[in-house]
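Asks: Here it is, the structure in full.
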DNA sequence: TAAAGTAAAAATGTATACAAAATTGTAAAG
DNA sequence: CTTTACAATTTTGTATACATTTTTACTTTA
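Protein chains in written order, with our numbering: chain X, 216 to 425; chain E, 216 to 425.
In structure tokens, the structure reads:
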């Protein structure tokens, strides 16, 4: 586990209070490395939305921002159904099988951690998206998903939204398998919309979430 | 002009041959700095699509890839009309005036360089998009535009696609001003689609463009 | 008292030197 | 002749030391 992953994990678990400015020297001391690798990690984390620019220099732990979530899910609603449609034409039964395995493995284990659920969730969609063989489009979708992770990780420790989401997954998979292209896209769009609205509502009721 | 900008400018002008691997030491020597700032710059350029990962380590100058362009423009077609629609509700006459000024300044000067035209082009759209006050959505759109820049910069040295594009700009601006929301979005979508198709066609006829 | 300028402190940016990792080339074995 | 293992070289990663920039705090002045 490299420095980037360590810091990201700690951010995901809310180890650093929102709004706090992260100084290179502090972070370096905390993780017992020099400032050079810290610089690299912070730059990358900033680009991926895990950290926010802080004034003219430095970075800070971003606040939870419902408007950001709204934007992220709006974009995902536009891009992911597109990518899924492009994938559908190239879907093999083997890919569908792997996707189903992922869903089944979630269904079976009721004792999965929030992180593990989130990871499997993405693996399911990514497995389908990758079949499209559109690396650029995939990369942007993946990046949007990464930005959402911060909020999902925060929410999923308190909220359980798994069961309905799972049913939607199975319905999407079936529509894909039966080549009902438009339905699959529409289901996915609703799937994302629902998740986004739940998340925004949760953040707003929680007064910004901190 | 910092190192990041210098390297980017040289990439934009095709100073480094496509496919070439860039080694930190070489780049550092070429620009007469140490490897530390080179590392920072290369990482950022890689994240923005100006450089591609090269095996397990290092970066390389990416090839021109028509499929990448197709993806970029597909995404822009989905996201930019959305952002423009969100902006429309908040458009002031002052913003519209500034947008018109940008278009007029392009119209007047027939002796603008390719880079200048590209810059003004983006300034026009960005001026409208910013009115939406949706920083997250704007950031992604801006990033997509940055990735397109590499191709536009390459093309615009050979192709002149200005005049038709300019007419489309004026039509979009008028639709926005007259609150014809759907028309403005549709015009923008077509505007992007047209530009994308031209660019892809150009790259394909030019055998990948190198 | 408020404002502005300046000096001190703190934080980031960069160079040099060293450590770790990956690649390449070579030799030995199948 | 191909393949595998190992050593040499190359390349990237990191620590320490120094330079530059930004911020902070204090002093001076209106």
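The beta carbon of each residue, even a glycine, is placed where N, CA and C say it ideally should be.
Please decide whether residue 472 of chain X counts as near chain E, where near means a Cβ-Cβ distance under 7 Å.
Replies: Nothing in the structure corresponds to residue 472 of chain X, since chain X is present only between 216 and 425.
Asks: Who are the neighbours of residue 294 of chain E on chain X, taking C-beta pairs under 8 Å?
Replies: Residue mapping note: residue 294 of chain E aligns to position 79 of the second chain, counting from 1. What residue 294 of chain E touches in chain X: 290, 293 and 294.
Asks: Give me the residue from X/340, X/325, X/240 and X/329 with the minimum Cα distance to residue 296 of chain X.
Replies: To locate residue 296 of chain X, count along the first chain from 1; it is residue 81. That would be X/340, whose Cα lies nearest to the Cα of residue 296 of chain X.
Asks: So, under 8 Å CB-CB, residue 267 of chain X and residue 237 of chain X are touching, yes? Tell me the CB distance rounded to an integer number of Å.
Replies: Stepping through the first chain from its first residue, residue 267 of chain X is reached at position 52. Stepping through the first chain from its first residue, residue 237 of chain X is reached at position 22. That pair is no contact at about 10 Å.
Asks: Select from X/386, X/281 and X/261 the residue whose C-alpha is nearest the C-alpha of residue 315 of chain X.
Replies: By one-based count along the first chain, residue 315 of chain X stands at place 100. Here the closest residue by C-alpha is X/386.
Asks: Taking residue 283 of chain X as the query, report the chain E residues whose CB atoms sit under 7 Å from its CB, ordered along the chain.
Replies: Within the first chain, numbered from 1, the residue matching residue 283 of chain X stands at position 68. Residues of chain E passing the Cβ test: 351.
Asks: On the criterion of 16 or more Cβ atoms from any shown chain inside 10 Å, does residue 224 of chain E qualify as buried, or is it exposed?
Replies: Residue 224 of chain E sits at position 9 when you count from the first residue of the second chain. So residue 224 of chain E counts as exposed.
Asks: Starting from residue 274 of chain X, follow its DSSP beta bridges and name the residues at the other end.
Replies: On the first chain, residue 274 of chain X is found 59 positions in, with the first residue counted as 1. Bridge partners of residue 274 of chain X: X/237 and X/268.
Asks: Determine, using beta carbons only, whether residue 283 of chain E and residue 351 of chain X come nearer to each other than 7 Å.
Replies: Position 68 of the second chain, counting from 1, holds the residue named residue 283 of chain E. Position 136 of the first chain, counting from 1, holds the residue named residue 351 of chain X. It is a contact, given that the beta carbons lie within the stated cut-off.
Asks: Just to confirm, is the Cβ distance from residue 402 of chain X to residue 346 of chain X under 7 Å?
Replies: Mapped onto the first chain, residue 402 of chain X falls at position 187. Mapped onto the first chain, residue 346 of chain X falls at position 131. For residue 402 of chain X and residue 346 of chain X, no; Cβs fall outside 7 Å.
Asks: Can you tell me the Cα-Cα spacing of residue 388 of chain X and residue 319 of chain X, whole angstroms?
Replies: Within the first chain, numbered from 1, the residue matching residue 388 of chain X stands at position 173. Within the first chain, numbered from 1, the residue matching residue 319 of chain X stands at position 104. Near 12 Å, if we compare the C-alpha coordinates of residue 319 of chain X and residue 388 of chain X.
Asks: Have a look at X/368, X/257, X/383 and X/299 and flag the residue whose alpha-carbon is nearest the alpha-carbon of residue 342 of chain X.
Replies: Counting from one through the first chain, the residue named residue 342 of chain X turns up at place 127. The option with the nearest alpha carbon to residue 342 of chain X is X/299.
Asks: Using the beta-carbon of each residue, which ones in chain X are nearer than 8 Å to residue 287 of chain E?
Replies: Along the second chain, read from residue 1 onward, the residue named residue 287 of chain E stands at position 72. Ordered by position in chain X, the residues that pass the 8 Å Cβ test against residue 287 of chain E are 351.
Asks: According to DSSP, is residue 289 of chain X part of a helix, a strand, or is it coil?
Replies: Here residue 289 of chain X corresponds to residue number 74 of the first chain, with the count starting at 1. Reduced to three states, the DSSP call for residue 289 of chain X is helix.
Asks: May I have the straight-line CA-CA distance separating residue 290 of chain X from residue 230 of chain E, to the nearest angstrom?
Replies: Looking up residue 290 of chain X in the first chain gives position 75. Looking up residue 230 of chain E in the second chain gives position 15. The alpha-carbon atoms of residue 290 of chain X and residue 230 of chain E are separated by roughly 35 Å.
Asks: For the alpha helix (DSSP H) that residue 319 of chain X lies in, which residues bound it at each end?
Replies: Translated into the one-based positions of the first chain, residue 319 of chain X becomes position 104. First-last of the alpha helix (DSSP H) with residue 319 of chain X: 308 to 323.
Asks: If you run the structure through DSSP and keep just helix, strand and coil, what is residue 326 of chain E?
Replies: For the purposes of this step, residue 326 of chain E is taken as the residue at position 111 of the second chain. Reduced to three states, the DSSP call for residue 326 of chain E is coil.
Asks: Taking the straight line between their C-alpha atoms, what separation do you get for residue 263 of chain E and residue 281 of chain X?
Replies: The sequence position of residue 263 of chain E within the second chain is 48, counting from 1. The sequence position of residue 281 of chain X within the first chain is 66, counting from 1. Residue 263 of chain E and residue 281 of chain X: Cα-Cα distance of roughly 26 Å.
Asks: Keeping to the same chain, check which residues put their C-beta closer than 7 Å to that of residue 363 of chain E; ignore five residues upstream and five downstream.
Replies: Stepping through the second chain from its first residue, residue 363 of chain E is reached at position 148. Here the set comprises 287.
Asks: Quick one: Cα of residue 394 of chain E to Cα of residue 304 of chain E, how far?
Replies: Translated into positions along the second chain, residue 394 of chain E becomes position 179. Translated into positions along the second chain, residue 304 of chain E becomes position 89. Each residue's Cα considered, the two are about 8 Å apart.
Asks: Taking C-alpha atoms, which residue in E/235, E/356, E/369 and E/216 lies nearest to residue 273 of chain E?
Replies: Within the second chain, the letter at position 58 stands for residue 273 of chain E. Measuring from the Cα of residue 273 of chain E, the nearest candidate turns out to be E/235.
Asks: Taking residue 366 of chain E as the reference, give the member of E/383, E/255, E/285 and E/252 with the closest Cα.
Replies: The residue labelled residue 366 of chain E in the question sits at position 151 within the second chain. Nearest of E/383, E/255, E/285 and E/252 to residue 366 of chain E, Cα basis: E/285.
Asks: Helix, strand or coil, according to DSSP, for residue 365 of chain X in the structure here?
Replies: Counted from its first residue, the first chain places residue 365 of chain X at position 150. Three-state result, residue 365 of chain X: helix.
Asks: Between the beta-carbon of residue 250 of chain E and the beta-carbon of residue 243 of chain E, is there less than 7 Å?
Replies: By 1-based counting over the second chain, the position of residue 250 of chain E is 35. By 1-based counting over the second chain, the position of residue 243 of chain E is 28. Yes, these two residues count as a Cβ contact at 7 Å.
Asks: Roughly how many whole angstroms lie between the Cα atoms of residue 424 of chain X and residue 359 of chain X?
Replies: Translated into the one-based positions of the first chain, residue 424 of chain X becomes position 209. Translated into the one-based positions of the first chain, residue 359 of chain X becomes position 144. Note that residue 424 of chain X has pLDDT 44, beneath the 50 cutoff, so the model's placement of it is unreliable and no number is given.
Asks: What is the DSSP secondary structure of residue 217 of chain X, counted as helix, strand or coil?
Replies: Working through the first chain from its first residue, we reach residue 217 of chain X at position 2. Residue 217 of chain X: coil per DSSP, three-state reduction.
Asks: Determine the contact status of residue 391 of chain E and residue 399 of chain E, defining contact as a CB-CB distance below 7 Å.
Replies: Here residue 391 of chain E corresponds to residue number 176 of the second chain, with the count starting at 1. Here residue 399 of chain E corresponds to residue number 184 of the second chain, with the count starting at 1. Yes, they are a contact pair.
Asks: If residue 332 of chain E and residue 321 of chain E are in contact, beta carbons under 8 Å, what's the gap, nearest whole angstrom?
Replies: Translated into the one-based positions of the second chain, residue 332 of chain E becomes position 117. Translated into the one-based positions of the second chain, residue 321 of chain E becomes position 106. Residue 332 of chain E to residue 321 of chain E, Cβ: 7 Å. Contact.
Asks: In whole angstroms, what separates the C-alpha of residue 270 of chain E from that of residue 218 of chain X?
Replies: Start at 1 with the first residue of the second chain, and residue 270 of chain E comes out as number 55. Start at 1 with the first residue of the first chain, and residue 218 of chain X comes out as number 3. Residue 270 of chain E and residue 218 of chain X: Cα-Cα distance of roughly 21 Å.
Asks: Just mark residue 411 of chain E as buried or exposed, buried being the case when its beta carbon has 16 or more other beta carbons within 10 Å.
Replies: The residue given as residue 411 of chain E occupies position 196 in the second chain. Per the 10 Å Cβ criterion, buried.
Asks: Find out if the Cβ-Cβ distance for the pair residue 370 of chain E, residue 414 of chain E is shorter than 7 Å.
Replies: Within the second chain, numbered from 1, the residue matching residue 370 of chain E stands at position 155. Within the second chain, numbered from 1, the residue matching residue 414 of chain E stands at position 199. In this structure, residue 414 of chain E lies closer than 7 Å to residue 370 of chain E by Cβ.
Asks: Just the C-alpha distance for residue 293 of chain E and residue 220 of chain X, rounded to the nearest angstrom, thanks.
Replies: On the second chain, residue 293 of chain E is found 78 positions in, with the first residue counted as 1. On the first chain, residue 220 of chain X is found 5 positions in, with the first residue counted as 1. One C-alpha to the other measures close to 32 Å.
Asks: Taking the C-alpha atoms as reference points, what is the distance between residue 419 of chain X and residue 279 of chain X?
Replies: Stepping through the first chain from its first residue, residue 419 of chain X is reached at position 204. Stepping through the first chain from its first residue, residue 279 of chain X is reached at position 64. About 10 Å.
Asks: What is the residue span of the alpha helix (DSSP H) that residue 393 of chain E lies within?
Replies: Within the second chain, numbered from 1, the residue matching residue 393 of chain E stands at position 178. Counting along the chain, residue 393 of chain E falls outside any alpha helix (DSSP H), and DSSP gives it neither H nor E.
Asks: Alpha carbons only, please: which of E/330, E/324, E/328 and E/335 is nearest the one belonging to residue 313 of chain E?
Replies: Counting from 1 along the second chain, the entry for residue 313 of chain E is found at position 98. Comparing Cα positions, the closest option is E/335.
Asks: Go to residue 261 of chain E, then tell me how far its alpha helix (DSSP H) extends in each direction, as first and last residue.
Replies: Counting from 1 along the second chain, the entry for residue 261 of chain E is found at position 46. Start and end: 250 to 262.
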